[in-house]
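A quick write-up on the structure given underneath.
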Amino acid sequence: MTVTSPLPATEPPRDCPRCPRLVDYRHACRAEFPDWWNAPVPAFGDPAARIAIVGLAPGKHGANRTGRPFTGDYAGDLLFATLAKFGLSEGQYDARADDGLTLRDIIILNSVKCLPPQNKPQPDEIRACRPFLADGVAALPNARTFIALGQIAHQSAVKILGGKLPKARFAHLAEHRMPDGRMLIDSYHCSRYNTNTGRLTAAMFEAVFARALELSRA
Ligand code: SF4
Numbered sequence: 004m005t006v007t008s009p010l011p012a013t014e015p016p017r018d019c020p021r022c023p024r025l026v027d028y029r030h031a032c033r034a035e036f037p038d039w040w041n042a043p044v045p046a047f048g049d050p051a052a053r054i055a056i057v058g059l060a061p062g063k064h065g066a067n068r069t070g071r072p073f074t075g076d077y078a079g080d081l082l083f084a085t086l087a088k089f090g091l092s093e094g095q096y097d098a099r100a101d102d103g104l105t106l107r108d109i110i111i112l113n114s115v116k117c118l119p120p121q122n123k124p125q126p127d128e129i130r131a132c133r134p135f136l137a138d139g140v141a142a143l144p145n146a147r148t149f150i151a152l153g154q155i156a157h158q159s160a161v162k163i164l165g166g167k168l169p170k171a172r173f174a175h176l177a178e179h180r181m182p183d184g185r186m187l188i189d190s191y192h193c194s195r196y197n198t199n200t201g202r203l204t205a206a207m208f209e210a211v212f213a214r215a216l217e218l219s220r221a
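Residue numbers (the working numbering): 4 to 221.
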């Protein structure tokens, strides 16, 4: 399976050894599902983007299987439908890394690039992967607006963008101005759990992207 990163110089090696628990889980998944990606999932999108999405980590049956962020599980259905609605993608999303979908003026990065058990990375794993996220963000010359999907992504994004966490509290649709003027908008993660429980509706999610577009074009 071939997946090409738009930011190749910032990606970890396929066998990145930094998180022992995640490496063990990677090996277990490779043994059980040899046709899956089962490796750090690279960024996806437009390297000249003005908007960058910071996600949490690959989902087992989504990005960890297909090799492309949010691709192949419920979270991707909502995210890619939303991007299409706002003209931020071209082509048809078909839940496969080779479906030909491209993103326009937006890019997706993850806080943790390897699959964590139960979708829950540990603090040391979030810290270990943060330099890769920081390198990815540093490689985006035009990104002035960031969308954090969930609390963990919010914390990683604030740290990377030079903000202060006690001041920048996570809340859906909260906006945080970073010291250099870059803007961070928070959103509840577009997980099946959040939408099934009503914490996040499609309208609430779309409001985040509408605001991000306003900010990016200001
Ligand atoms: S989560 Fe990041 S730092 Fe940890 S093993 Fe994977 S790529 Fe390496």
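For each residue, glycine too, the CB sits at the ideal point set by N, CA and C.
Query - Candidates G58, D138, Y96, of which the one nearest Q158 by Cα - result: The residue given as residue 158 occupies position 155 in the sequence shown. Nearest C-alpha to Q158: G58.
**Report entry** Own chain, CB closer than 8 Å to A174, minus 5 neighbours either side, in chain order
**Finding:** To locate residue 174, count along the sequence shown from 1; it is residue 171. Contacts found: D189.
Requested in this report: Report the rounded CA-to-CA distance for T1 versus A87, giving the unit in angstroms.
Outcome: In this structure the chain extends from 4 to 221, so residue 1 is not present and cannot be described.
Query - DSSP state of T269 mapped onto helix, strand, coil - result: The chain is shown from 4 up to 221; residue 269 falls before or after that span and cannot be answered.
Requested in this report: With DSSP as the reference, please indicate the residues paired to G58 in a beta bridge.
Outcome: For the purposes of this step, residue 58 is identified with residue 55 of the sequence shown, where counting begins at 1. According to DSSP, G58 bridges with N113.
Requested in this report: Determine the DSSP secondary structure at L152, reduced to helix, strand or coil.
Outcome: The residue given as residue 152 occupies position 149 in the sequence shown. In this structure, L152 counts as strand in the three-state DSSP scheme.
Query raised in the report: Among G70, L203, G184, which residue has its Cα nearest to the Cα of L176?
Result: For this step, residue 176 is matched to residue 173 along the sequence shown. The residue with the shortest Cα to Cα distance from L176 is L203.
Query - Close-in-space but distant-in-sequence residues of the same chain around R17 (CB under 6 Å, 5 per side omitted) - result: In the sequence shown, the residue the question calls residue 17 occupies position 14. For R17, the CB contacts under 6 Å within the same chain, skipping 5 residues up- and downstream, are A42 in chain order.
Report task. For the segment 112-198, list the alpha helix (DSSP H) runs that are entirely contained and at least 4 residues long, ordered along the chain. Result -> Runs found: 126-141, 154-164.
Query raised in the report: Taking one C-beta from the segment 79-96 and one from the segment 127-140 each time, how about it: are there three or more such pairs within less than 8 Å?
Result: Here the segment 79-96 makes no contact with the segment 127-140; the two share fewer than three CB pairs at distances below 8 Å.
Query raised in the report: On the premise that W40 lies in contact with R68, defined as a C-beta separation below 8 Å, what is that separation, rounded to the nearest angstrom?
Result: The residue given as residue 68 occupies position 65 in the sequence shown. The residue given as residue 40 occupies position 37 in the sequence shown. Sure, about 6 Å apart at Cβ, within 8 Å.
Query raised in the report: Going by alpha carbons, who is nearest to P23 out of F73, L168, L216, P120?
Result: For this step, residue 23 is matched to residue 20 along the sequence shown. The option with the nearest alpha carbon to P23 is P120.
Report task. Examine the ligand SF4 and report whether any of its heavy atoms sits within less than 7 Å of the Cβ of R21. Result -> Residue mapping note: residue 21 aligns to position 18 of the sequence shown, counting from 1. Under cutoff, so the answer is yes.
Requested in this report: Spatial neighbours of P182 within its chain, please: CB distance less than 6 Å, with the 5 preceding and 5 following residues excluded, ordered by chain position.
Outcome: Taking the sequence shown and counting its residues from 1, the one referred to as residue 182 is at position 179. Excluding sequence positions up to five before and after P182, its CB lies within less than 6 Å of the CB of G165, all in the same chain and listed in chain order.
**Report entry** Boundaries of the alpha helix (DSSP H) in which Y64 is found, first to last residue
**Finding:** Position 61 of the sequence shown, counted from the first residue, corresponds to residue 64. In the sequence as displayed, the identity of residue 64 is His instead of Tyr. Secondary structure note for H64: it is in no alpha helix (DSSP H), with a DSSP letter that is neither H nor E.
Report task. Tell me E93's beta-bridge partners as DSSP assigns them. Result -> Looking up residue 93 in the sequence shown gives position 90. T105, per the DSSP bridge assignment.
Report task. Could you pull out every residue in the same chain whose Cβ sits closer than 7 Å to the Cβ of Y108, ignoring the five residues on either side in sequence? Result -> Your numbering for residue 108 matches position 105 in the sequence shown. The amino acid occupying residue 108 in the given sequence is Asp; Tyr does not appear at that position. Within the same chain, D49, A52, R53, I54, L91 come within 7 Å of D108 by CB-CB distance, once the 5 residues on both sides are set aside.
Query raised in the report: Would the C-beta of P15 count as close to the ligand SF4, meaning under 7 Å from any of its heavy atoms?
Result: Translated into positions along the sequence shown, residue 15 becomes position 12. With a threshold of 7 Å, the Cβ atom of P15 counts as near the ligand SF4, since some heavy atom of the ligand is closer than that.
Query - N- and C-terminal bounds of the alpha helix (DSSP H) containing P23 - result: Here residue 23 is taken as the residue at index 20 of the sequence shown, counted from 1. Annotation for P23: the continuous alpha helix (DSSP H) segment containing it runs 23-35.
Requested in this report: Kindly indicate the opening and closing residues of the alpha helix (DSSP H) around A78.
Outcome: Reading the sequence shown from its first residue, position 75 is the one you call residue 78. Boundaries of the alpha helix (DSSP H) around A78: 77-88.
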